[in-house]
Each structure stands twice: as structure tokens, then as C-alpha cells.
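S.K.: The numbering used here applies: residue 765 is where the sequence shown begins, and numbers increase by one.
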Amino acid sequence: MFTTLNSTISKIYIKSIDFTHPLKSLDSLFTESSCIKAKEFRFKDCKFGSQAACDFFEAFTHYPAQIEILTFEICQFNAKSLDSFFQTLFFSNCFHNLQVFQIKDISGFDDLSFFLFQLVSCGWVLETHCLRYLGAPGCNLTLEQLIPQILQLDTEFSDLDLSGNNFKTPIKTKFDINRSFTTLILKNVNFGPKCLLSLLKSLQKVNHKFNLDISNCKMTAESWKDFYENLNQIKIQNLQSIIYDRNPLKPDNIQQFCSFIMNQPSLNSISISNCISKVDINSVVPQLTNLVNTKSIESLTIACTPENTLGGLILPIIFTALSKGTLKKLDISGQAGGERIMSQILQKMTPSLSEINFDGFLPSDGEAFLNICESFMERPYIKNITWPGSDVKGCLARTNPQQQNDLAKKIQQLKTQFSNKYGHVDEKFDSIIDKNLKTQPNDKHSSGYEMGDDLNSPPQDLIRSRCGLAENYESMKDFVKYDPETELLIKECKDVFGIDPVSKIFAQVNFHTQIDYLIQNIE
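1) Which value, in whole angstroms, describes the spacing of the CA atoms of residue 945 and residue 974?
2) Excluding sequence positions up to five away, which residues of its chain have a Cβ less than 6 Å from the Cβ of residue 1125?
3) Looking only at its chain, what residues have a beta carbon closer than 7 Å to the beta carbon of residue 775, apart from the 5 residues adjacent to it on each side?
4) Can you list, in chain order, the residues of its chain with a C-beta nearer than 7 Å to that of residue 1115? Leave out the 5 residues immediately preceding and following it.
5) Nearest to residue 878 by CA position, among 864, 1149, 905 and 865, is which residue?
6) Would you say residue 1146 lies against chain C (beta-carbon separation less than 7 Å)?
7) Please name the residue in 1077, 1058 and 847 whose C-alpha comes closest to that of residue 1047.
8) Which runs of the alpha helix (DSSP H) spanning at least 4 residues fall entirely within the segment 1053-1119, listed in chain order?
9) Spatial neighbours of residue 1130 within its chain, please: CB distance less than 6 Å, with the 5 preceding and 5 following residues excluded, ordered by chain position.
10) Given residue 939, which residues of its chain have a CB within under 6 Å of its CB, disregarding the five upstream and five downstream residues?
11) Tell me which same chain residues have a C-beta within less than 8 Å of the C-beta of residue 972, skipping the five on either side of it?
12) What is the DSSP secondary structure of residue 1186, counted as helix, strand or coil?
13) Look at the Cβ atom of residue 858, then the Cβ atom of residue 897, and state whether they are nearer than 7 Å.
14) Under 8 Å by Cβ, that's how I've got residue 956 and residue 931 pegged, so tell me the actual separation to the nearest angstrom.
15) Put residue 780 into one of helix, strand or coil per three-state DSSP.
16) Under the rule that 16 or more other beta-carbon atoms within 10 Å means buried, what is residue 1166, buried or exposed?
17) Which value, in whole angstroms, describes the spacing of the CA atoms of residue 1152 and residue 1036?
18) Rounded to whole angstroms, what's the CA-CA distance from residue 1149 to residue 1155? Just pull it up for me.
19) Can you tell me which of the three DSSP states residue 1155 falls into?
20) For a test of the three-state rule: what should DSSP assign to residue 794, helix, strand or coil?
21) If residue 1004 sits next to residue 1030, beta carbons under 8 Å apart, how far is it from one beta carbon to the other, in whole angstroms?
22) Starting from residue 1130 and walking both ways along the alpha helix (DSSP H), at which residues does that stretch end?
23) Going by CA-CA distance only, name the one from 977, 1091 and 1140 that's closest to residue 1117.
24) What do you get for residue 923, buried or exposed, if any count of 16 or more other CB atoms within 10 angstroms of its CB means buried?
25) Please report how far the alpha carbon of residue 982 lies from the alpha carbon of residue 953, in whole angstroms.
As C-alpha cells, then:
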């Protein structure tokens, strides 16, 4: 059994496994002395629909280590297996130091809200205060009762993610809010009439600094109209950052939105990505420019996806925010302003700015890409820059084929300098909530690019049976030495396409030299 192969394994990822069939030796699954002691378990697209699944969960009562991270995504439960899982979660010692719990895109269970409330109110959570992140996005939950129940408990968890659920009726009951939560994430929530207003009114009672994400709210036109007409009533004393992405800012609501922002005394971080349409630019930009001129903003995000690029049209907002001298973080990723716009921003920057993301600025060629990146790196007060990786492929494509190899070398050298100076080149810059869950699976960013599935994923037969000639490549590749030119070419390919070309070659060799494959092709 894999559970006894290596006791040094720290993370377990289980994907597309059907637990509906009986499993053998579950009683001793985690009882061997050489058993794994992983602290992280992730399940994705698994089926937990039978007694076998219940038996699997029950086996965790013998697990010999503390599990700190536990996630389920797009998994299938039935009522019995879901109950079995939560009973195991409540009573098995291995979960009593759980810090991150997420159950995502699992719907159709009325009891799920009750189970979540049981979790945050059970004795070991309240006593140890170990749970830091609780997430149940996309589970078709009803939030008007669940949110007050959870927030009034003294759990001391910091992040609550209930995105993609439903808020059908306004909050009517008064409740106190625990002193510890710092981030409430409610993206893509369906809000009924007056529900969002009632939520904001409830949050006026929070007596500590916190962050709020209400991106892409789902409301009727009538509800939006009523929301903005009454928004000036809301004053949340301790709201320090708000993510308002994908909520349209238009001529008929921009004044109310700006007044709301001005009315929040602690608010200094704003994200309004994909909120502004080009047709409304002349009405919306002056209002936002006046807002950042009047209010001291430390973090400003106006990023966008390719279909919503604004380029230089948002420069008045950016220039005004920079000249204010309080801006520390700026995210304009995806705005496709080119090197001309970026040069203007460079000229307006002040020493207060320490972090910036301009990925997707769409330079005209490779030299422009290098010049802009180097210019930002020369500013000593910039402590963090997101590597503009989505621009690399375009730069190479727009470069003369005879010069591509030389350009790729220069970009690789620059990327190495980025890594040495800023410590990373792959993490996405987060301008609003610095405490976002770093352990959750990385999302593909819309401003990036990706290779086709046929190149990134080995055939299923290869996954099931690695018995070809190249089977031992993964274990021996660290001992393979290349000449400098070949090594550079391999790195360039990996940077551009996101895969190790040698691993891909050996994977294909392995697949086409398996015994079963060779036999079926013998004529």
C-alpha cells in the first residue's frame, strides 16, 4: 500500500479516485509503523458514494500524525458519506490541529451548513484556535443564517471564503462579531433584494481591521439601483480593504460608489479590476481621479482581462494616486499600455511605491520588454515586482527568428536577476489581501498563456503504467550533465512553454516502448 512506502511524504494529492468500490485492509491503512505522516491531504474529483468511502474516512481514526491542511474540490458525496466524513473530522485526533479546511463546488446537501457550523463551534476548534482558514465556495449554501452563526463565534480563524453561494433574504438578527477574522470573501454571490446592504450594515459592528471581497455580485438591475441609492448610509469603521472587481462602475452609480469609499475612515486598499467599460470612461475616470486625489490610498488595483483593456485611458487615476505620495502597491496587470505608457508611469513614480505588477503591458518587441523591466529594477525603493511572464511569449513571437535565440538568453538572464532580487518570479502579486491562502491550488491567470493539453499532460496509459525504456529517467535526470549551450536551450524552452522538454521527450519514449503498446502495434 502506498501509505507505507515512505514515511517522509508530507503532502498527499488524490485525484479522480472512485471510493465506491470496497477497499481492502482499511483497518490497517494507517497503522503500520512506517506509515506516511503527511500534514496535507487534497482530494479532487473523487467519488465518495458508498460504504467503502465511509470506511475510508473511518480509517483516519488511526492516522498517526496531525493533518493541518484538508481540501475537497468537485467531489461527489451522498448524505451518508458526507455525515461519515464530518463525524471523523469532529472526533479523530489527527484533525485536531487543522489549520486550513476547504470544501469546494459540492452542492445538493442541506446539512452542509449545519456541518460547517458544527465544525467551527466544536470543542477542539474553540479551545485550540487552530483553524485559520475556512472555505466552502460554490456549495449552494444559504448565507444569511450561516454568516451570523460563524462570525459571532470566538474561533479566531482569519479567513472565511463563502464565494459562489446564495444570500436570499436580508440579515434580520443582531449579532456580535468575533474579534479575530480578518478576511471575508464573498465573490460571485447571488444577492437578493437589500441583502448586500444588510450584510454591510452588519459589518459596521466589526471592532478590528478587516478585508472584504465582494467581487462580481449577482443582483438584478432593480437591486443594484436600490443598493446604490442607499449606499451612503453605510459607514464601516474598520474596513481597511475592499475588492470590488467585476461590479460595473457606470455614470449612474460612480458618484455613489466614490462617496461610499470616502465615507470609510480606515479604508486604504481598493481593487476595481474589470469594473470600467470604455464607453463609460469619460464619466467614470474623472470621478475616480478625484477620489484618489482626496483619499489616501495605499494599495490600488485596476487590473483587467484582455477583453477589458483600457491602456492609457486610466493614466489620470494612476498619475494622481502616485502624486499623492501615499501609494505603496499598484497593480495594473493586463492593461496592455505598451512601453510608452509604462515609461510615463516610471517618470511619475515616487519613493512611496514599493510593489508593482505590470504583467501584460504588451511591449512592442523584446528590447522594449527588457528596457522597461530593467528600468523598474533600477528604482531602489521598489521591493517587489511581479515577473511579467505573460509578455515573454509575445516578445519572442514578434522578434526576427534570427534574433530569437539571443533575445531568449537575455530574458533568461533578466529573469534570474529578478529571482535573485525579489526572491520569486512565479507568484502572482496580490495587492489587496496579503494573507490570501498560499496553500490553495494555483489558478491559471487570464492574462497568461498555456500550452495545449496534448503537450502538458501525458497519455492516461502512461500515467497508469510506466514500464517503458525511459522509466528510470525521473530518478536519474539529476545526474545528467549537458553542455552549457544545450542547458540554456532547455531552460529557454521551459520558460516559454512551461514544461521541461527533456521530461516530455522521455515521457513519450516511455509511452511508446511499453510492452502493451508494442504488442498491440505488432502486425
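Beta carbons: idealized from backbone N, C-alpha and C, even for Gly.
M.R.: In terms of the structure at hand:
1) Walking along the sequence shown from the start, residue 945 turns up at place 181. Walking along the sequence shown from the start, residue 974 turns up at place 210. Here the C-alpha atom of residue 945 lies approximately 7 Å from the C-alpha atom of residue 974.
2) Numbered from its first residue, the sequence shown carries residue 1125 at position 361. Once the five neighbours on either side are set aside, the close Cβ partners of residue 1125 are 1101 and 1106.
3) Numbered from 1 along the sequence shown, position 11 holds the residue referred to as residue 775. Closer than 7 Å at Cβ, skipping near neighbours: 802 and 804.
4) By one-based count along the sequence shown, residue 1115 stands at place 351. Correct list, in chain order: 1145.
5) Numbered from its first residue, the sequence shown carries residue 878 at position 114. Considering only alpha carbons, the answer is 905.
6) In the displayed structure, chain C is absent; only one protein chain is listed.
7) In the sequence shown, the residue the question calls residue 1047 occupies position 283. When each option's Cα is compared against that of residue 1047, the closest is 1077.
8) Every alpha helix (DSSP H) of 4 residues or more that sits fully in the segment 1053-1119 is shown, in chain order, as 1079-1088 and 1102-1112.
9) Taking the sequence shown and counting its residues from 1, one reaches residue 1130 at position 366. Here the set comprises 1159, 1163 and 1171.
10) Start at 1 with the first residue of the sequence shown, and residue 939 comes out as number 175. Correct list, in chain order: 912 and 916.
11) The sequence position of residue 972 within the sequence shown is 208, counting from 1. Excluding residues within five positions, the ones whose Cβ falls inside 8 Å are 943, 944, 946 and 1002.
12) Here the question's residue 1186 lines up with position 422 in the sequence shown. Correct three-state label for residue 1186: helix.
13) For this step, residue 858 is matched to residue 94 along the sequence shown. For this step, residue 897 is matched to residue 133 along the sequence shown. Against a cut-off of 7 Å, the Cβ pair of residue 897 and residue 858 comes out as no contact.
14) For this step, residue 956 is matched to residue 192 along the sequence shown. For this step, residue 931 is matched to residue 167 along the sequence shown. Indeed they touch by this definition, with Cβ atoms about 6 Å apart.
15) Within the sequence shown, residue 780 is the residue found at index 16, counting from 1. In this structure, residue 780 counts as coil in the three-state DSSP scheme.
16) Numbered from 1 along the sequence shown, position 402 holds the residue referred to as residue 1166. The residue in question, residue 1166, is exposed, as its Cβ has fewer than 16 Cβ neighbours within 10 Å.
17) To locate residue 1152, count along the sequence shown from 1; it is residue 388. To locate residue 1036, count along the sequence shown from 1; it is residue 272. Looking at the two C-alpha atoms, the distance is approximately 20 Å.
18) On the sequence shown, residue 1149 is found 385 positions in, with the first residue counted as 1. On the sequence shown, residue 1155 is found 391 positions in, with the first residue counted as 1. Residue 1149 and residue 1155 have their C-alpha atoms roughly 14 Å apart.
19) Numbered from 1 along the sequence shown, position 391 holds the residue referred to as residue 1155. Residue state, collapsed to three classes: helix.
20) Position 30 of the sequence shown, counted from the start, is the residue given in the question as residue 794. The answer is coil: DSSP assigns residue 794 none of H, G, I, E or B.
21) As a first step, residue 1004 is located in the sequence shown; it is residue number 240 there, counting from the start. As a first step, residue 1030 is located in the sequence shown; it is residue number 266 there, counting from the start. So it is a contact: roughly 5 Å between Cβ atoms.
22) In the sequence shown, the residue the question calls residue 1130 occupies position 366. Looking at the DSSP string, the run of the alpha helix (DSSP H) that includes residue 1130 is 1130-1141.
23) Indexing the sequence shown from 1 puts residue 1117 at position 353. Cα-wise, what sits closest to residue 1117 is 1091.
24) Working through the sequence shown from its first residue, we reach residue 923 at position 159. Note on residue 923: 16 or more other CB atoms within 10 angstroms of its CB, so buried under the neighbour-count rule.
25) For this step, residue 982 is matched to residue 218 along the sequence shown. For this step, residue 953 is matched to residue 189 along the sequence shown. Going by C-alpha positions, residue 982 is about 6 Å away from residue 953.
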